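Before any comments, here is the structure.
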Amino acid sequence: MDVEAAAQCPAEGTANSTSSTSGLSNQGKALPCTKKVSLKRKSSVSTGTKPKKRKKARSSRSARLGFTVQEGEDMLLVISNTSQYDNIAWHPKKKGSRKKKLKGKAKSVQVKRKNAVPAKPKQTKDRHVKKVEEIYLHHSAVGMDHRWGQSLPEEVLINIFQMVVIQEGAVPFLCRMARVCHLWNAAASSPALWRTVSIGFCWVEPGRTQLPKIEQKIKDTLNWMAQNRFSQLRDFSLGHWKKNVDYAVEVVSQSCPHLRSLTLSYCAGVTVKTFQSLVGNSRCLQSINLQYSEFQVEGLVNFFESCGSQIRQILFTHGSKNERLLAAISRGCCPNLELLEINTKLEGGYFELPICIQGLQSGCPKLKTFRMLNVIPMHKVMRNGPDSVSGFPLLEELCIATTSVSFMTDKDLRDILFGSDKVRVLDLRGCSRITPFGLASLPCAELECLFWGQYFNSKVALSSPKKGLHMLTEKWSGTLKELDITNHLFTEEDIEIAMGHLAHAPNSDSLRSLNLSGTKITPAALRLVIGQSTALSYLNLSSCRYLPRGLKRVYRGQEDISQLLDKME
75 MDVEAAAQCP
85 AEGTANSTSS
95 TSGLSNQGKA
105 LPCTKKVSLK
115 RKSSVSTGTK
125 PKKRKKARSS
135 RSARLGFTVQ
145 EGEDMLLVIS
155 NTSQYDNIAW
165 HPKKKGSRKK
175 KLKGKAKSVQ
185 VKRKNAVPAK
195 PKQTKDRHVK
205 KVEEIYLHHS
215 AVGMDHRWGQ
225 SLPEEVLINI
235 FQMVVIQEGA
245 VPFLCRMARV
255 CHLWNAAASS
265 PALWRTVSIG
275 FCWVEPGRTQ
285 LPKIEQKIKD
295 TLNWMAQNRF
305 SQLRDFSLGH
315 WKKNVDYAVE
325 VVSQSCPHLR
335 SLTLSYCAGV
345 TVKTFQSLVG
355 NSRCLQSINL
365 QYSEFQVEGL
375 VNFFESCGSQ
385 IRQILFTHGS
395 KNERLLAAIS
405 RGCCPNLELL
415 EINTKLEGGY
425 FELPICIQGL
435 QSGCPKLKTF
445 RMLNVIPMHK
455 VMRNGPDSVS
465 GFPLLEELCI
475 ATTSVSFMTD
485 KDLRDILFGS
495 DKVRVLDLRG
505 CSRITPFGLA
515 SLPCAELECL
525 FWGQYFNSKV
535 ALSSPKKGLH
545 MLTEKWSGTL
555 KELDITNHLF
565 TEEDIEIAMG
575 HLAHAPNSDS
585 LRSLNLSGTK
595 ITPAALRLVI
605 GQSTALSYLN
615 LSSCRYLPRG
625 LKRVYRGQED
635 ISQLLDKME
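Counting from 75, one number per residue, gives the positions in the sequence shown under the numbering used here.
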């Protein structure tokens, strides 16, 4: 029977069925005829030649970007192009989970099982599988395509990198981003991102000996970064370096003509050579920070005598030979100095710093910030120097905070601030011998921050004044933004009058922070100041003995403070 006869078999089944068989209807014999012929045709074709497999149509999908960048007047707009199917999570099967192909009889059995499946469920399954495969192909094409990173504008990458650099620093973030692709390498190499660099000791642990290969690697890395990245470097800092500090400073000073700030924290081996390299190269240097570092005072004094006129900020930790450094500053080596900070370690204990305030006033007339942290200044008379008549006329911040016993009196404070009428910040934490009458007599009329808490010694707090707080709040009620009177033993009446001055001030919304921890504040006085200070965002009421127990805590935020006011009412 040829192919045409097989095709006509279902139509001629009624005529041939009567002659060949009996007892069967004409319609019942037609269907078996078609099935047998179709099966024979398949077997005949399979024995002769192998059927060609149908090639699946290749779906060419172009990689679609998920955004569009449009440039505005002062910003870059990134518009999303994602659709509703972009968030469908599809994970392809692992390679090991695929089943091996069956051979021989097992393969034929598998074919029969496939033919035994009903027609309708097979169509629904194929439709769902096809849809899922299309989604998978789309997502795999987008996921495997790395051109989205290469299509971003370089300006967008630089802005993103700049945000991270501000939070985490340039090193090692930019070094890692430069290894992603050519575009990211070009963006990470932008000189605008390398203006502030802080390098810690990332090769070996601090204090351990360095092998010659590691030491050479450190020098090669510094040389490469100085030649390829530090062309616009402004602020440079080293942290926890015990060796090669002089080499690093020399390389940076020679390659960075725009260097303005140098910070060496917790470093050792800062020799005279370190400061000699700054004399001829760093003509724009304005700030030197040597806190918690061991350095040779002679080299720093020689640098100030040569280039002290360009220095604006000096920060260092008090040591045994720092009297020579203060003497050089008092002689006028740094006439344009604006910030001077001297500190010691908190666990260091009791430290006295002989300092001549009058000599410092005459040598640094432009000083704006003067900080002595955990240092007890001892008055020293300068023999062959002129006395200052104007004091510190531009001083805006004075800090004499200490964790130990303070001998600062009202007279000592008046000698420092007798000509400073522009003081905005006054930090006297730990100064228990200062009285409200001495503070009220100061010439500064627009004080914004007063930190006068007694934190560290309960016995010293017992000698603190009991009255006079209302004099301070009456004088600075219109300008105070932050007030700290922790552990002061002012009476209830005095605190209530003082809080009344803050509440009825013309600018009552200027108060931002109020620390009343350990004081005798009453609910009536607290309700008065909270109700009027609408901008108050920090309130410390811990250990306040005259308040209920549920209210003795720290309040942060205006909403938290407003809930406190509702509870008290």
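Ideal Cβ placement from N, Cα and C applies to all residues, glycine included. Because the structure is a prediction, the values reported are computed rather than measured.
Item                                                                                                                                                            : Value
Since residue 482 and residue 503 should fall inside the 8 Å C-beta cutoff, what is the C-beta to C-beta distance between them, to a whole number of angstroms? : The pair is not a contact, with the Cβ atoms about 11 Å apart (cut-off 8 Å).
Would the segment 342–350 count as touching the segment 298–306 if we require 3 or more Cβ pairs under 8 Å?                                                     : no
For residue 407 versus residue 372, is the C-beta distance shorter than 8 Å?                                                                                    : no
When every heavy atom of the ligand SAM is checked, does at least one fall within less than 7 Å of the C-beta of residue 595?                                   : Absent from the structure shown: the ligand SAM. Ligands present: none.
Which two residues bound the contiguous alpha helix (DSSP H) that contains residue 368?                                                                         : Neither: residue 368 is in no alpha helix (DSSP H) and is coded neither H nor E.
Between the Cα of residue 586 and the Cα atoms of 274, 309, 539 and 556, which residue gives the shortest distance?                                             : 556
Residues bridged to residue 313 by DSSP?                                                                                                                        : 274 and 339
Can you give the Cα-Cα distance for residue 659 and residue 467, rounded to whole angstroms?                                                                    : The question about residue 659 has no answer here: the residues shown for the chain are numbered 75 through 643.
Buried or exposed, going by whether 16 or more other CB atoms sit within 10 Å of the CB of residue 589?                                                         : buried
What residues in its chain sit with their C-beta under 8 Å from that of residue 629, if we drop five residues either side in the sequence?                      : 612, 613, 614, 615, 635 and 638
What residues in its chain sit with their C-beta under 7 Å from that of residue 264, if we drop five residues either side in the sequence?                      : 232
Can you give me the C-alpha to C-alpha distance between residue 299 and residue 493, rounded to a whole angstrom?                                               : 48 Å
Since residue 453 sits in a beta bridge, which residues does DSSP pair it with?                                                                                 : 429
Can you tell me whether residue 254 is helix, strand or coil according to DSSP?                                                                                 : coil
Can you give the beta carbon distance from residue 512 to residue 484, rounded, assuming they're within the 8 Å contact cut?                                    : 3 Å
Quick one, are the C-beta atoms of residue 409 and residue 383 less than 8 Å apart?                                                                             : yes
Name the two residues that bound the continuous alpha helix (DSSP H) containing residue 556.                                                                    : Segment 556–558 is the beta strand (DSSP E) holding residue 556; no alpha helix (DSSP H) there.
Excluding the 5 residues flanking residue 597 on each side, which residues of the same chain have their C-beta closer than 7 Å to its C-beta?                   : 621 and 642
How close, in whole Å, do the beta carbons of residue 351 and residue 335 come, if the pair is a contact with beta carbons under 8 Å?                           : In fact, because the Cβ distance is near 16 Å, the residues do not count as touching under 8 Å.
Report, in whole angstroms, the separation of the C-beta atoms of residue 252 and residue 262, which I expect to be a contact under 8 Å.                        : 4 Å
Excluding the 5 residues flanking residue 476 on each side, which residues of the same chain have their C-beta closer than 6 Å to its C-beta?                   : 448 and 504
Where does the unbroken beta strand (DSSP E) through residue 587 begin, and where does it stop?                                                                 : 587–589
Which residue marks the beginning of the alpha helix (DSSP H) containing residue 415, and which one marks its end?                                              : From DSSP, residue 415 is part of no alpha helix (DSSP H) but of the beta strand (DSSP E) over 413–417.
Taking the C-alpha atoms as reference points, what is the distance between residue 470 and residue 312?                                                         : 29 Å
Determine the closest residue to residue 54 out of 515, 480 and 386, with distance taken between C-alpha atoms.                                                 : No information on residue 54 is available, as it lies outside the stretch 75 to 643 that the chain covers here.
Under the three-state reduction of DSSP, which class applies to residue 239: helix, strand or coil?                                                             : helix
Have a look at residue 565 and residue 479 and give me their C-alpha separation to the nearest angstrom.                                                        : 24 Å
From the DSSP output, in three-state form, read off residue 615 for me.                                                                                         : coil
Could you tell me the distance, in whole angstroms, from the CA atom of residue 283 to the CA atom of residue 324?                                              : 22 Å
Am I right that residue 527 and residue 560 are in contact with their C-beta atoms under 8 Å? What's the rounded C-beta distance?                               : 3 Å
What is the residue span of the beta strand (DSSP E) that residue 629 lies within?                                                                              : 628–630
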